[in-house]
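Number of protein chains: 2
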Amino acid sequence: MADYKAPQRDIQFTLYELLDYEKHLQSLPNYQEVGSDIVNAIIEEGAKFAENVIGPLNRVGDTEGCKWDDGVVTTPTGFKEAYQQFVEAGWPSLAHDPAVGGQGLPESLGMVLSEMTGSANWSWGMYPGLSHGAMNTIAEHGTDQQKETYLTKLVSGEWTGTMCLTEPHCGTDLGMLRTKAEPNADGSYSISGTKIFISAGEHDMADNIVHIVLARLPDAPQGTKGISLFIVPKFNVEDDGTIIDRNGVKCGSIEHKMGIHGNATCVMNFDDAKGYLIGPENKGLMAMFTFMNTARLGTAMQGLAHAEVGFQKSLEYARDRLQMRALSGAKNPEGPADPIISHPDVRRMLLTQKAFSEGGRMLIQFAAQQVDIMHGGVSEEEAKAADDLLSFLTPIAKAFLTEVGFESANEGLQCFGGHGFISEWGAEQNVRDCRISMLYEGTTGIQALDLLGRKVLGSGGELLKGFTKIVHTFCKENADNPAVATYVETLNGLNKEWGELTMKIGTEAMNNPEEVGAASVDYLMYSGYVVLGYMWARAASVAQAKLDEGTTETAFYEAKLKTARFYFERILPRTVSLTQTMLSGADNLLDLDAEHFAF
Amino acid sequence: MADYKAPQRDIQFTLYELLDYEKHLQSLPNYQEVGSDIVNAIIEEGAKFAENVIGPLNRVGDTEGCKWDDGVVTTPTGFKEAYQQFVEAGWPSLAHDPAVGGQGLPESLGMVLSEMTGSANWSWGMYPGLSHGAMNTIAEHGTDQQKETYLTKLVSGEWTGTMCLTEPHCGTDLGMLRTKAEPNADGSYSISGTKIFISAGEHDMADNIVHIVLARLPDAPQGTKGISLFIVPKFNVEDDGTIIDRNGVKCGSIEHKMGIHGNATCVMNFDDAKGYLIGPENKGLMAMFTFMNTARLGTAMQGLAHAEVGFQKSLEYARDRLQMRALSGAKNPEGPADPIISHPDVRRMLLTQKAFSEGGRMLIQFAAQQVDIMHGGVSEEEAKAADDLLSFLTPIAKAFLTEVGFESANEGLQCFGGHGFISEWGAEQNVRDCRISMLYEGTTGIQALDLLGRKVLGSGGELLKGFTKIVHTFCKENADNPAVATYVETLNGLNKEWGELTMKIGTEAMNNPEEVGAASVDYLMYSGYVVLGYMWARAASVAQAKLDEGTTETAFYEAKLKTARFYFERILPRTVSLTQTMLSGADNLLDLDAEHFAF
Chain A
254 MADYKAPQRD
264 IQFTLYELLD
274 YEKHLQSLPN
284 YQEVGSDIVN
294 AIIEEGAKFA
304 ENVIGPLNRV
314 GDTEGCKWDD
324 GVVTTPTGFK
334 EAYQQFVEAG
344 WPSLAHDPAV
354 GGQGLPESLG
364 MVLSEMTGSA
374 NWSWGMYPGL
384 SHGAMNTIAE
394 HGTDQQKETY
404 LTKLVSGEWT
414 GTMCLTEPHC
424 GTDLGMLRTK
434 AEPNADGSYS
444 ISGTKIFISA
454 GEHDMADNIV
464 HIVLARLPDA
474 PQGTKGISLF
484 IVPKFNVEDD
494 GTIIDRNGVK
504 CGSIEHKMGI
514 HGNATCVMNF
524 DDAKGYLIGP
534 ENKGLMAMFT
544 FMNTARLGTA
554 MQGLAHAEVG
564 FQKSLEYARD
574 RLQMRALSGA
584 KNPEGPADPI
594 ISHPDVRRML
604 LTQKAFSEGG
614 RMLIQFAAQQ
624 VDIMHGGVSE
634 EEAKAADDLL
644 SFLTPIAKAF
654 LTEVGFESAN
664 EGLQCFGGHG
674 FISEWGAEQN
684 VRDCRISMLY
694 EGTTGIQALD
704 LLGRKVLGSG
714 GELLKGFTKI
724 VHTFCKENAD
734 NPAVATYVET
744 LNGLNKEWGE
754 LTMKIGTEAM
764 NNPEEVGAAS
774 VDYLMYSGYV
784 VLGYMWARAA
794 SVAQAKLDEG
804 TTETAFYEAK
814 LKTARFYFER
824 ILPRTVSLTQ
834 TMLSGADNLL
844 DLDAEHFAF
Chain B
254 MADYKAPQRD
264 IQFTLYELLD
274 YEKHLQSLPN
284 YQEVGSDIVN
294 AIIEEGAKFA
304 ENVIGPLNRV
314 GDTEGCKWDD
324 GVVTTPTGFK
334 EAYQQFVEAG
344 WPSLAHDPAV
354 GGQGLPESLG
364 MVLSEMTGSA
374 NWSWGMYPGL
384 SHGAMNTIAE
394 HGTDQQKETY
404 LTKLVSGEWT
414 GTMCLTEPHC
424 GTDLGMLRTK
434 AEPNADGSYS
444 ISGTKIFISA
454 GEHDMADNIV
464 HIVLARLPDA
474 PQGTKGISLF
484 IVPKFNVEDD
494 GTIIDRNGVK
504 CGSIEHKMGI
514 HGNATCVMNF
524 DDAKGYLIGP
534 ENKGLMAMFT
544 FMNTARLGTA
554 MQGLAHAEVG
564 FQKSLEYARD
574 RLQMRALSGA
584 KNPEGPADPI
594 ISHPDVRRML
604 LTQKAFSEGG
614 RMLIQFAAQQ
624 VDIMHGGVSE
634 EEAKAADDLL
644 SFLTPIAKAF
654 LTEVGFESAN
664 EGLQCFGGHG
674 FISEWGAEQN
684 VRDCRISMLY
694 EGTTGIQALD
704 LLGRKVLGSG
714 GELLKGFTKI
724 VHTFCKENAD
734 NPAVATYVET
744 LNGLNKEWGE
754 LTMKIGTEAM
764 NNPEEVGAAS
774 VDYLMYSGYV
784 VLGYMWARAA
794 SVAQAKLDEG
804 TTETAFYEAK
814 LKTARFYFER
824 ILPRTVSLTQ
834 TMLSGADNLL
844 DLDAEHFAF
């Protein structure tokens, strides 16, 4: 069984056919030069790297894990060499500013690459992946000197970066963080404190690690308004990046965890470590929020990655494994039994994975195009519109795609029967690795509050309207398209209902703000199903047009039509239950005293 | 954090208050002597053993796992000694026939014990647990000599037993099995073949292991009608059980798997091993089906066990962990933040676990009482009615409770945020250990076919009617009970709809038998939600009666009422979506060619 095969045809479909990539890039001054030759070369070469170099290391990473010895972390066999190749090929700089050594390609293309590396080996992909947070922070808020010293090395991939937010007593609630930053005479700061859950906080893959650390200045205001950002390198360096000596930051231990064993999740102890303020004092959290959307989209990708991998593995198994006869008669009469893909319930599990994997790809690329637009050199107004749409889509993509990604990974395992529980098939690793995606970068519950409270109700419904208008336009344009007629009807209904549900919850929330938290996760999942319904309806519309044009790839486009049908008939009806539960009120959650949950 | 605390108060509620245990036992000739003093002593002592002896070994089992060396399997530290204590206390014989050394107590009480041992340490509990299958087989189909030689030692716990069904190329489809049994001159058989996934197939906890092996006689008919059952002991023994020498059966390896690391999942190689026919030739599979219900109820228990454990862990964490302020204002103004149990979405996750754990307990004990009745010395007619009800409930309990048990275990993990992914808290082990429950003893898909195809449609709807009548009676009796008025209305509607859905699918299936497989899992889940709805409505009715009587345990009974409300308002509406998807037809699953699932 192959470790991973990049779904190149489906990536092409999503970019070019569904989302009109050529026109999209040509409309953006900064990306006009990016032709399909570059895009295709990147897809092909990225696929080779993912399939041949890091895919085969995925199981190695799981079984070996990372090793910690007195602050030194050794990554699994082959990880370091693969990273070397990655850097030499220039991959880290893909979607970064040419001014600091980047290739200036659009974020959407960076997302194509991270889909492939992440699917092949999520643990490995996190080492370069985590650097983007540090790079974006320095790019947006750093001084020219900071950019020259740190950013160029991060963009080239010579160094990697981390984000040091969480502390033992605070994760979601960063206002409580305690790490201290005391000013030194030379303008630098002394950073002291303990950070936990620092992915790729320490490793042996790069010469230096640049930590972006959240800490408090002396006399900083309490809570989230007293947090500042600091660059704290593992090794102190000269302005030109020459390494001087070791800084006072050390990895205290690495966590034993359910999955992503190949990635080191570190406890980082800062003990008078030398740090440099980045951005204005006490505005650190706000600065971080400016690129939170991109980071969260990167985690949404994890849902897609594990759905895709689970699907690939279980599809191959379902075609090979012979067990029982189809209820309507033998499908493989020469064999001792039928392949299990003959059985409707196995198909239900496969199609669920397929619908979420391909649907997730559409959603993530649709969102990534908004990032392209924001950075594409367009008018402020256009950039604002893209930012608004991205703000709305991000919590949905992050929480919904990781939830259904985990469901998909589990269905993938289930297709294997008892063999799914056995490590050698890889399906169980896929489930374990996937599980963290619903936790980090803000749990599902936090994303749901962000969507319903901050984004939708916080904008007086405007951000929701921004998206429902898009759906409405699609429905209008396809009103006379028989291929999607029933989908248009369903979507029109959901579009209307979505607004009504929002109004109802908003009204209830005026009396009791707890109603927001009580409805939020159901509301988010509802939103996710509708958004993906829109994507699948678009895909069906495109596929039908191709068939009408007389394509030679009949089977490919018909599969799109059939998967869209599956989605609308077997998945989308979940909204009906969610509508009921989200409107059931906060009382049924709040009326039980905390002391009376168990006796 | 305690490893496990037996929910004694809730067990008492389920047995005595919900299910009228005293009356139940008094109505059964074989169990009339079993008084509440015995029952209570067993609950208390069983709880002590689970909490103090095996609970602390649960994490040890996960981290150490089992070790294999040239056919010898070593169980994790402490497992062997705990088993010794278990045997010395007489626990294995609890629910077995006094004629072979059993204590003659009812199966329902055995299930109480296995809930506690299984929750405390599922991997450990499987060693004695698997013996029951072997015991039941010999008890029902063995000769007197076989009973004397093997059964007495199994009942005492000196030896353990296994069921050897699965082979590498067949699990669900046992008709394909290849293990051979050649007759010897002395009336024994030579057994040769490879069995996989044999839980507790080899270990160091008991002096001998009695394998019940499915194999084919020479010239046996093909398929399931050519399977016979054999006793194959690890050590050959004299008639009185004295050990002679090692038999030709050896553990070839143990599996590396997602969870239940403390239990050895063995490849067993039979190489001219000496075996003894049990029951009639070629009727082995049928013989096994006679106690399949009990075995599957034992796996249903695993869903409950992990729901309960996840709930206990996450409840404790949710009360302790301070993070963010409640949206309606501080609940813990003296502290730096509110305990996360203040937040409605955390409560939603806790109540989901609570509703499934307590609801699962009710369902399993309700089903176990049917086993009691079957073995209780009642008339053939009464026994048949109990058997029918059990046959109907078993696939629901097995598949539904393991599915929602896994959901609960995951919600438990989710309550911990990022800490849920870290091994030390135990929430992730709970998820990993739980995952197998949806696979072994027949996957969810197989249970669903058993329910809809074999049980419901196969009985012309009679088995369904047997249960809906019970619901109907409850609804009639409670028609004027204001405490459950809305639940009665909902249940009446669902009861009616259940029959209609069955009719519709049955009608479709006459044209296309694949419709059964296409609807089956949704149908099963729908059935599970309704059955649990009935249980929760009964619980509410009982709780209200206690409150009306003026109980001193007001908080306990009010918590029941509130959890019932949560179940009806937040969980049961899932049936609405299932209704739509189960009726969506087989076409949307079958119209995609197997070759066209991916390109």
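Listed in order, the protein sequences are those of chains A and B. Its first residue numbered 254, the first sequence is counted upward by one per residue in the numbering used here. Its first residue numbered 254, the second sequence is counted upward by one per residue in the numbering used here. Positions of the beta carbon are idealized from the N, C-alpha and C atoms, including for glycine. What you are looking at is a predicted structure, and each value in this text was computed from that prediction instead of being measured.
Thinking C-alpha only, which one of the options is nearest residue i?
i, options, result
"A:I723", "A:A638, A:M835, A:N311", "A:A638"
"B:G671", "A:F809, A:V774, A:G512, A:P648", "A:G512"
"B:F266", "B:E806, B:P826, B:Y820, B:L831", "B:E806"
"A:V306", "A:V829, A:M521, A:G371, A:I465", "A:G371"
"A:Q201", "A:Q622, A:H456, A:S581, A:L482", "Here chain A comprises residues numbered 254 to 852, so residue 201 of chain A is not present and cannot be evaluated."
"A:A259", "A:F332, A:L842, A:L538, A:A373", "A:A373"
"A:D492", "A:P592, A:Y529, A:T832, A:T743", "A:Y529"
"A:D625", "A:Y269, A:I264, A:H277", "A:H277"
"B:E742", "B:T760, B:D775, B:V783, B:M778", "B:V783"
"A:L842", "B:R827, B:K815, B:V769, B:N683", "B:K815"
"A:F653", "A:Q682, A:V774, A:D315", "A:V774"
"A:A249", "A:D840, A:S409, A:V292", "An answer regarding residue 249 of chain A cannot be provided, because it is not within the stretch 254 to 852 covered by chain A."
"B:G629", "B:E286, B:G299, B:T447", "B:E286"
Against chain A, with Cβ distances strictly below 7 angstroms, would residue i count as a contact?
i, result
"B:Y269", "no"
"B:G424", "yes"
"B:E767", "yes"
"B:P586", "no"
"B:H514", "no"
"B:D598", "yes"
"B:H509", "yes"
"B:N841", "yes"
"B:F850", "yes"
"B:L212", "In this structure chain B extends from 254 to 852, so residue 212 of chain B is not present and cannot be described."
Residues bridged to residue i by DSSP?
i, result
"A:C519", "A:I451, A:I507"
"A:Y865", "Because chain A is modelled from 254 through 852, residue 865 of chain A falls outside the range shown and cannot be assessed."
"A:E889", "In the structure as shown, chain A begins at 254 and stops at 852. Residue 889 of chain A is therefore absent and cannot be evaluated."
"A:S445", "A:K433"
"B:T866", "The displayed coordinates of chain B run from 254 to 852. Any statement about residue 866 of chain B would go beyond what the structure contains."
Can you give me the start and stop residues for the alpha helix (DSSP H) that residue i sits inside?
i, result
"A:I626", "597 to 627"
"B:P381", "375 to 394"
"B:K276", "274 to 279"
"B:K813", "807 to 819"
Between which two residues does the beta strand (DSSP E) holding residue i run?
i, result
"B:D801", "B:D801 -> not in any beta strand (DSSP E); alpha helix (DSSP H) instead, spanning 767 to 802."
"A:D686", "Unbroken run through A:D686 is the alpha helix (DSSP H), 680 to 688; no beta strand (DSSP E)."
"B:I465", "462 to 468"
With 7 angstroms set as the bound, which would you pick, yes or no: does the beta-carbon of residue i sit closer than that to a beta-carbon of chain B?
i, result
"A:K333", "no"
"A:R431", "no"
"A:A590", "yes"
"A:A452", "Note on identity: in this sequence residue 452 of chain A is Ser, with Ala being the wrong assignment. Not an interface residue."
"A:I675", "yes"
"A:R707", "no"
"A:Q833", "yes"
"A:I689", "yes"
Which residue spans inside the segment 545 to 584 of chain A form an unbroken alpha helix (DSSP H) run of at least 4? 545 to 573
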